[in-house]
Structure formats: C-alpha cells, structure tokens
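Residue numbers (the numbering used here), protein chains in the order written: chain A, 1 to 209; chain B, 1 to 209.
Here a beta-carbon is modelled for each residue, glycine too, at the ideal position from N, C-alpha and C.
Source: prediction; values computed, not measured.
Worksheet: the structure to be examined is printed underneath.
Protein chains: 2
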Amino acid sequence: MARRTKTEAAATREALLDAAEAIFLERGVARTSLEQIARHAGMTRGAVYWHFKNKADLFQAMLQRVRMPFQELVEEIGDPSLAERPLEAIRQACQRGFERLELPRYRRVHAILIHHCETFAEIDPLAMQNEMADDALGALREYFACAARLGQLREDISPEIAARLMQAMLGGLFHDWLRNHERFALREDGMALVEAQLRLLARSSPSSR
Amino acid sequence: MARRTKTEAAATREALLDAAEAIFLERGVARTSLEQIARHAGMTRGAVYWHFKNKADLFQAMLQRVRMPFQELVEEIGDPSLAERPLEAIRQACQRGFERLELPRYRRVHAILIHHCETFAEIDPLAMQNEMADDALGALREYFACAARLGQLREDISPEIAARLMQAMLGGLFHDWLRNHERFALREDGMALVEAQLRLLARSSPSSR
DNA sequence: GCGCTTCCATACACTCGTGTAGGTAAATTG
DNA sequence: CAATTTACCTACACGAGTGTATGGAAGCGC
Chain A
1 MARRTKTEAA
11 ATREALLDAA
21 EAIFLERGVA
31 RTSLEQIARH
41 AGMTRGAVYW
51 HFKNKADLFQ
61 AMLQRVRMPF
71 QELVEEIGDP
81 SLAERPLEAI
91 RQACQRGFER
101 LELPRYRRVH
111 AILIHHCETF
121 AEIDPLAMQN
131 EMADDALGAL
141 REYFACAARL
151 GQLREDISPE
161 IAARLMQAML
171 GGLFHDWLRN
181 HERFALREDG
191 MALVEAQLRL
201 LARSSPSSR
Chain B
1 MARRTKTEAA
11 ATREALLDAA
21 EAIFLERGVA
31 RTSLEQIARH
41 AGMTRGAVYW
51 HFKNKADLFQ
61 AMLQRVRMPF
71 QELVEEIGDP
81 SLAERPLEAI
91 RQACQRGFER
101 LELPRYRRVH
111 AILIHHCETF
121 AEIDPLAMQN
131 EMADDALGAL
141 REYFACAARL
151 GQLREDISPE
161 IAARLMQAML
171 GGLFHDWLRN
181 HERFALREDG
191 MALVEAQLRL
201 LARSSPSSR
C-alpha cells in the first residue's frame, strides 16, 4: 500500500508490460481485461490506469519495446563490402532478423501483433503489418536491383519479381513460425530456405566464390 | 412480425451470415455484437438466437460456406496427364485456388479467419490455419517428390526444400493479399510469382517446351 | 522535517453485450 | 380448418469490463 521508489515504479511498469505480453499471447488481446493483466503482475487496475491511459496506450507501449525495421538490420552489420554483394547482404539481414525474432520478447510481441489481436480503438495491426511488409519489400527491391546491375541475378528473373518472391516467402515463413514456434527452429530451417531461395535467384555461378 | 415461409427463413439465415461476413471484416469479430449483425440484416437478435446457438456457432456456420482443401483443387481439374507433370499440376492448382479466393465470399471469410479474428469460445483460428498450411505443405511435398523422381526438379534442391519454399511463398502471398486486396490482383500478379518460382525450381530446361 | 507529489488501492457509477423467457401471428400439418 | 409448430420480436435480468473519483502512505525536494 505504500508508495514505491522511482526505480520500483519503473519496475512495476515493466512488470505490467510483461504481464500484458504473456496474457495477450495466451488469450488474445480482445479477451484480456486490464484486471487480468494487473493481477498477473501482482497489482490492481489502479496501477495500470496510473501508468497507461487505457488498453490501447498500454498496447502501444508494449510495441515500442521491440521496433525492428528491416533497413536497420543491414545497417547494423556495418560491413561496407556488402555493397558489392547485395545477395549476401540480404542473407545476413535475414539472419539478423531471425536471431532478433527468436528473442522471446520479440517473438511474443510479433506473434501478438500478427496472430492475437484485432483492430481496436486507434490500434490497427493490419496497417502496421502493411508498413513492415512495404519496408521489407522496398529494401529487397533495392538490393535485387543492385544485384541485377552487378550481374549477380539470374537474367530471366526481374529484380521486381525476385523481391516479391523473397518478401512473400519471408512473410509466409514468419507467419508460420509465429503461429507455433515449437514446430521448427527459425534460424536453422529459415536460413536453409533463405539460402536455397537466394541460390535459385543467383546467376548460375560461372565462378562465384 | 409475421412468421416467414420456410424459404424465407432460409433466406434470413443467409442474410444473417452475409451481414456477419460484412461486419466481421469491417470491425473484427471481437468488436461486433450480435445486435449489430442482426440490425445490418434488418432483423433483431431474436432471429440470430433462433438460427444459431451463439456467436461461435454463427461463426462456424459462416466458415462452412467456403471450405476449400488444397487437394480438391487438383482433383477438380481432373486431368490424368497431370500425374506426369507435377509442376504443372501445382501451377493449375494455384490458379484454381486464386480464382476461388477472388470470389468475394471466399476472400472475405478467409480474410476474417486470418486477419480479423482472435481465439474465442471454442474457436481457434490458428489451429485452422495450421491445418490449411499442413494440408498445402503435404500436397506440395508429394508433387515435388514426384517431380524429383521424374527428373523435372533441379537436382541441387531437395523436394522437401522446394515444397517448403513454395508453401511459404504462397502463404505470404495470401496473407499480403488478404490484408488489402486492392493493392494487387491475386490472379495476375500471384500467377506471375508462382510461375517464376516454378521456373526457378524446374530443372534447367534442356528442351522443355 | 515539512509539505508536496508520486504511486498505487479501493470504491463507485455506468455502459455494453449476452442469454433467456414470454408473446405473437402466420405457416404448416393432419 | 383446427391444432400445432415455426420464425421471429420484445423485454428483462445479469455479469463483465471500463473509466473515474477518492484516499492514503511513503518517497522526495527544499
């Protein structure tokens, strides 16, 4: 009943977000009440309403702990030589993305966003998914265009088609894995698919590598 | 206020399902009340509760109007010569599937199932999506295995990988298109991707057509 | 060390949706 | 054509969840 110190308050805020993650994932966003979230964190709704405006506000706060735009993944690698090997850049970006997604928090939040929440209040998860898809497609388009210019792409496949194939494949992979991550390991099996697809798209190596 | 004839009653049942489709798609399943559905169909909740047990029952009735297992798509073609050209069988099955999905009712219901409903009551849309994915993957596995035996598959790609690539790509394509179907035409753009991917997976044609 | 603010608990009013019970008039059955 | 059943509508009780108002104790600034 006593007031907490500042760090304790910050801790309860995080605890509330953690609880929200867990219950949203388990029961879906629409069916979980703020009461359930508070209870799971050992608090009452009073704590929730003090830290957040309402459920939508809490939801957005939860999202902001895991932002992950595609572009950053490549930039984080920071290898300048990748400019000359765009296909390898894509491969490494995928690998980084997979590793990131396998972190429990990232996995949970993305699973919630894609599979366990409908539109509500001012939250539109489909619009967010569109943004993510467009972001990825745009990046892939550039890399494949670059690959085409460098003669590293099969000539009977346009960069546009290559990008869309890759984006669709990655999207499908994400959806499948986020639906039930126990079925396969994203890093191993996912990378096998990515590498296979990139090999298919690469110009039939006359002397590559 | 008067009692309707049997055919009229059946018509109102369909009207209720149509209304459910429309509002589920627009506002999401969780946020739509039976009152809203009834009103949209020009009825009251009394009609809903007479025709259906509750929201879950109505939802399942809505689903049963659009069952579409992957296998049926191939069988419907009924071309026996396809046994010798498994890749072509896949192509035609995709085409059939796309055409089916472009029918407004099929598109709406699948969009609801995938993007506009969370788990509720005894309804588990993720389990249904798993079934559909497994069904498609199983069928693709068989066709690609057959293609491998007939020497129509690239030798550096295993049938398993080919099937998973294809399934992931198709899944991603569905998700993207169902999210907002105005962005591209599934039949044209989708078939372009399918044909491109099949060309990539096919054995580098020594003399195929 | 005093007051002010913070961080949360408790209590209340209110809305919204559900499920069901009862009414009713016409269709259907015999 | 009478009796029954059908196909709804209306009305009510109920619970669940939300938002807010109030209170209180302890941390923090000075």
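Residue-level contact to chain B via CB, residue i, 8 angstroms cutoff
i: residue 52/A; result: no
i: residue 176/A; result: yes
i: residue 129/A; result: yes
i: residue 36/A; result: no
i: residue 170/A; result: yes
i: residue 116/A; result: yes
i: residue 179/A; result: yes
i: residue 105/A; result: no
i: residue 173/A; result: yes
i: residue 197/A; result: yes
Simplified DSSP assignment, three categories, for residue i
i: residue 52/B; result: coil
i: residue 209/B; result: Because the pLDDT at residue 209/B is just 38, under 50, the model does not fix this residue reliably, and the point stays unresolved.
i: residue 120/A; result: strand
i: residue 153/B; result: strand
i: residue 174/A; result: helix
i: residue 31/A; result: coil
i: residue 66/B; result: coil
i: residue 158/B; result: coil
i: residue 187/A; result: helix
Where the alpha helix (DSSP H) through residue i begins and ends
i: residue 194/A; result: 191-201
i: residue 101/A; result: 86-102
i: residue 27/A; result: 6-27
i: residue 35/B; result: 34-40
Short CB-CB distance (under 8 angstroms) between residue i and chain A
i: residue 94/B; result: no
i: residue 119/B; result: yes
i: residue 167/B; result: yes
i: residue 157/B; result: yes
i: residue 187/B; result: no
i: residue 109/B; result: no
i: residue 28/B; result: yes
i: residue 209/B; result: Unreliable placement is indicated for residue 209/B, whose pLDDT of 38 sits below 50; no coordinate value is reported for it.
i: residue 20/B; result: no
i: residue 152/B; result: no
i: residue 200/B; result: yes
i: residue 161/B; result: yes
i: residue 133/B; result: yes
i: residue 191/B; result: no
Exposed unless 16 or more other CB atoms sit within 10 angstroms - verdict on residue i
i: residue 46/B; result: exposed
i: residue 118/B; result: buried
i: residue 151/B; result: exposed
i: residue 79/A; result: exposed
i: residue 176/A; result: buried
i: residue 104/A; result: exposed
Given 8 angstroms, three or more beta-carbon pairs between the region 50-60 of chain B and the region 119-138 of chain B = yes
request  = Evaluate the contact criterion for the region 86-95 of chain A versus the region 137-151 of chain A: three or more CB pairs, one atom per stretch, below 8 angstroms.
outcome  = yes
message = With three or more beta-carbon pairs closer than 8 angstroms as the criterion, would you say the region 163-182 of chain A touches the region 193-206 of chain A?
response = yes
message = Between the region 88-107 of chain A and the region 173-193 of chain A, can you find at least three pairs of beta-carbon atoms closer than 8 angstroms?
response = yes
task = Kindly confirm or deny that the region 39-54 of chain A and the region 7-23 of chain A touch, where touching means at least three C-beta pairs closer than 8 angstroms.
result = yes
ask   = So does the region 24-38 of chain A actually touch the region 2-14 of chain A, counting three or more Cβ pairs closer than 8 angstroms?
value = no
ask   = When the Cβ atoms of the region 102-114 of chain B are set against those of the region 125-136 of chain B, are three or more pairs found closer than 8 angstroms?
value = yes
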